[in-house]
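Chains as they are written, first to last, in the working numbering: chain X, 1 to 374; chain Z, 375 to 667; chain A, 668 to 1211.
For every residue, glycine included, the Cβ atom is placed at its ideal position computed from N, Cα and C.
Just below is one structure, and these are the notes that go with it.
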């Protein structure tokens, strides 16, 4: 993939706001503007991490060594990183996709859960023992539908009534999760658990089926679907007419409207697709790992997806890399739990998000000021 | 007396909402999105547990809890005001930060990953259900006056006038010599303190901190702020309404008339209905969430 | 500082830049106590910037700023804050209202200078505030209702509140930034009366304007600015509009037909000089009956504005192929809403729009484009361009569906987009000529050329050209005018809206004047002149 300058503008809303200053921006300057905040954020996170480790009376070097060994250092750990990165790629991609249309989808968590739930329902209804290759398209459709419908509701609320998507998607998170909880607990769950009975159809192959060294890790075929989703999203955003129009709405809705695009229609479409992408992520847990739907499996993946989308510069390729990074931090927390509480990585993740949010406008201001004086 | 019991229960449930929603009104009226309320509450709750435990006094816990909320409010303020960071992003991150920090320091201070030991609080052993037990808890009284106090500040004091101006038209405020940043910092700190008190109430009522004990109450308070259209008295009523629905659900638990999940949905559904404008559109302060140059 | 110094304000050699833009480069201003001083210049001459520094909103990069204090001594105030300025009695009424719509008049007035009751709580003293507002209102003759919400006020009332707000803070020096832009003639008359009263009380007034009639009728002294510099300082009684216009433009201006004072604005004078070459040769003015069937026709069109008022009232007209219909008028009289309604960006309240006899009243934007409607929007930064898109992508905005391959993927044809870009960049001389540069990186004139290239470099029947040369350099103005005339010669129907009366006069075959949302008059070019059109534009005459 070659990147053009428009692919690299970090936050569509921000650039639109900066509107009237005329300065010469070349693609390499755009690249700097896109990458610097993420690098600064990681640096800040590393410093905060060091402080927390020292507070807990450990040596940062030892903790980080253990973190690397427990993740990229052995095949089980690496498999877990890949598994976690898969879910985060879907939620991060969903959020990045909506952001390109100028929308903040805070509801990826419930869309993820709804996607997994729909896939589980379909799996429970279908006869047992069908091969996964036959089942996969049906599961994909079910998961995309589950997440897509939640996204669609938020998109319609915005397009029709102007209801702000940040608030509606948060509210929908609670509503949808409560609804799924009711459906699961009242009708589907195995007594004494929070999950449905096992699905006997279409379990997806694990990575360990091909490479035995990954034995025990949850990494599975959905990983490839995540990669394909990134490519498809990139293609849609930057190579199709719909993508051209979607990004136009995200940058300057009034100019898009002038260009014959109806922002309301784009909002609905973008939120539906965003929800569907998040919904596909539900397959990773439900079909790739546990073979049942369990309440709370999506917990945290929505909010972490925001970090992934932002650190990834709202670009599908960046999202995939950022997902790997955050999955490494998550899995690394487990690996170092013996030395420091694994909760310290949760702090780091929050620090990364704040640092990116803070440095995006700051970096742009500094770089543009420099360019002017040059 | 089921009716009285119902009222008492409603009030108990409403108190943390009232505190946090009071903070929600202040922060949103100043133009700062109230996504951070949940984090303020959780931070306030944990700080209260720390303060109460190590200070051997519930009142020390109150002080510490306020401080906890204020600190998170300052983090939000500095990011969103000084650095002009996106309020939605920082707001979400502050909630994650509060979860992470409280868990980390729960391990560090109390060596547990689920809850603190018993801490001094208000009220007796069984934190009673009747009005007598409620009246003995000073946090209840503070909670009841939180919203009226905020309404009084907004409409009766110079600071309140400035908050309303800054949230609606920051450039106009600047043109008459008001520092928009200072007003917003003050609003962030005040809302941190108020929402922090919501968390303090939970800890001192239950005599311990448990992981993620705020359980989305900050978001219910945000829902009440929006559903009440940013008007203190309406927001107060929204808190009571949401609490009453929960109390009713608890009272009817035996009867199994309505699944509890549907009662949980009520605040969120009502908020969406309010935003969609089915019964009189909720219009947010004009500069809410926008970067002020 | 001499003891006999009567200056209230003295600004010397002020410099101020915003990034690459030099707003002030050696501006000076001296205003005597108790006079009405007009600060004139074209748009972008640096008048507002200079006054914002004086009112503390901006800090000058360098230069000396002195303002008289209570005891009559000039003090250096460079770099003070708005709060300092207010305290020293300097108040500014901004072009865009600085009022909080959700607060009452009384709350807006005391904001930042709140009256409080005695006692430790320092509560707002509303009763006293209302009293003071009423007293001030009586004293100045600026009538307001203190307890009304500002959102419910008319524009004229809001303007009064703005002035009261400044006086309430005890301003002795009042700066007004183009205060008449939004006022009706009676409201303007009322404002002049208030300003004269203030002068009689010894207060000092600086009036930013580019309308020469205002300068002549109200001011004592005039300072002319051009390109960020102060050019001259003149006594109003000893000068003429022609002299001021010359100073504003920087060269002799041939005022065709002897411009009447009240119709002349700075911009207009300037464009007369620059668009002269592009104007159609004498005798091209055509009566409205000489044309074949109209390409664009409007019948009884009414459009609502944002505030639910009628922005366009019952407008009907037609434009024929090969004709330019110019719409003249003071901005804000419904021109924007009319154009947006024709373009499909705004709903009609009533009426019909026909394009080549097809009813397009309810057609979406894209369908109108496909039917042959082109549109150069008045604001290229928010509507006409996507600043972060490349030149090539901007050159297909609105026609993206024509550059798609179709089918399931419906991908854009990169090669055709690049080919289109190369062709348009050459044909319209867009510089720099690199198609993958973001539009943001270009100058205003070249940005506008992208819009013009896109809208005129394709097959179209009718062109809506709204303020097509606003904020672009002389070279680009001439180029764009030539394009419009070439399109007219090629049989296109053109509806031209411009705030620049001489542009209208230079290009149009027929001229309509819009005032208060109506077409108050339509006349052939041959009958039109600035003297004839002026009274219609100000609503003084409403024959129709």
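query                                                                                                                                  : result
Members of the region 605 to 619 of chain Z near chain X, C-beta cut-off 8 angstroms                                                   : none
Inside the region 822 to 881 of chain A only - alpha helix (DSSP H) runs reaching at least 4 residues                                  : 822 to 835, 852 to 867
Chain-ordered residues of the region 730 to 746 of chain A with a beta carbon less than 7 angstroms from chain Z                       : none
First and last residue of the uninterrupted beta strand (DSSP E) at residue 1182/A                                                     : 1177 to 1182
Stretch pair the region 769 to 788 of chain A + the region 816 to 829 of chain A: three plus CB contacts closer than 8 angstroms       : yes
Rounded C-alpha distance that separates residue 1047/A from residue 1012/A                                                             : 15 angstroms
beta-carbon residue 984/A near the ligand GTP non-hydrogen atom, thresh 8 angstroms                                                    : Among the components modelled here there is no ligand, and therefore nothing to report on the ligand GTP.
Closer than 9 angstroms to chain Z by CB, residue 824/A                                                                                : no
Cβ contact (3+ pairs, closer than 8 angstroms) linking the region 1058 to 1070 of chain A and the region 1146 to 1158 of chain A       : no
Beta carbon of residue 700/A nearer than 9 angstroms to that of residue 871/A                                                          : yes
Backbone CA spacing between residue 240/X and residue 1121/A [nearest angstrom]                                                        : 20 angstroms
Three CB pairs or more closer than 8 angstroms across the region 559 to 570 of chain Z and the region 406 to 422 of chain Z            : yes
Chain A residues whose Cβ lies nearer than 8 angstroms to that of residue 248/X                                                        : 1053, 1056, 1064
For residue 677/A and residue 697/A, believed in contact at Cβ under 8 angstroms, the rounded distance                                 : 5 angstroms
Straight-line Cα distance separating residue 730/A from residue 746/A                                                                  : 10 angstroms
Partners in chain Z for residue 174/X, counting only beta-carbon separations shorter than 9 angstroms                                  : 590, 593, 594, 597, 638, 639, 641, 642
CB contact check: residue 346/X to chain Z, cutoff 9 angstroms                                                                         : yes
Opposing strand residues paired with residue 682/A [DSSP bridges]                                                                      : 692/A, 729/A
Cα-Cα separation, residue 1007/A to residue 268/X                                                                                      : 24 angstroms
Sequence ranges, alpha helix (DSSP H) only - wholly within the region 1069 to 1101 of chain A, length at least 4                       : 1081 to 1094
Residue 1203/A versus residue 982/A - alpha carbon distance                                                                            : 16 angstroms
Whole-Å CB distance - residue 597/Z paired with residue 645/Z, under 8 angstroms assumed                                               : 4 angstroms
Residues of its chain near residue 561/Z, where Cβ-Cβ distance is below 7 angstroms and the 5 sequence neighbours each way are ignored : 400, 401, 404, 406, 537
Where residue 191/X falls: helix, strand or coil (DSSP)                                                                                : coil
N- and C-terminal bounds of the alpha helix (DSSP H) containing residue 705/A                                                          : Element bounds for residue 705/A: not the alpha helix (DSSP H) but the beta strand (DSSP E), 703 to 707.
Cβ neighbour criterion (16 or more within 10 Å) applied to residue 515/Z                                                               : exposed
is_contact[residue 71/X, chain A] using C-beta, thresh 9 angstroms                                                                     : no
Those runs of the beta strand (DSSP E) which lie wholly inside the region 994 to 1038 of chain A and span at least 3 residues          : 1015 to 1022
Chain-ordered neighbours of residue 251/X on chain A, where CB pairs are closer than 7 angstroms                                       : 1053, 1055
The region 806 to 815 of chain A / the region 726 to 741 of chain A touching (three or more Cβ pairs under 8 angstroms)                : no
Distance, residue 702/A Cα to residue 887/A Cα                                                                                         : 6 angstroms
Which of helix, strand or coil DSSP assigns to residue 100/X                                                                           : helix
Rounded separation between residue 176/X and residue 114/X - CA only                                                                   : 7 angstroms
When 246/X, 263/X, 288/X are compared against residue 224/X, the one with the closest alpha-carbon                                     : 288/X
Alpha helix (DSSP H) segment containing residue 970/A, residue limits                                                                  : First-last for residue 970/A: 963 to 971, but that is the beta strand (DSSP E), not the alpha helix (DSSP H).
Short CB-CB distance (under 9 angstroms) between residue 459/Z and chain X                                                             : yes
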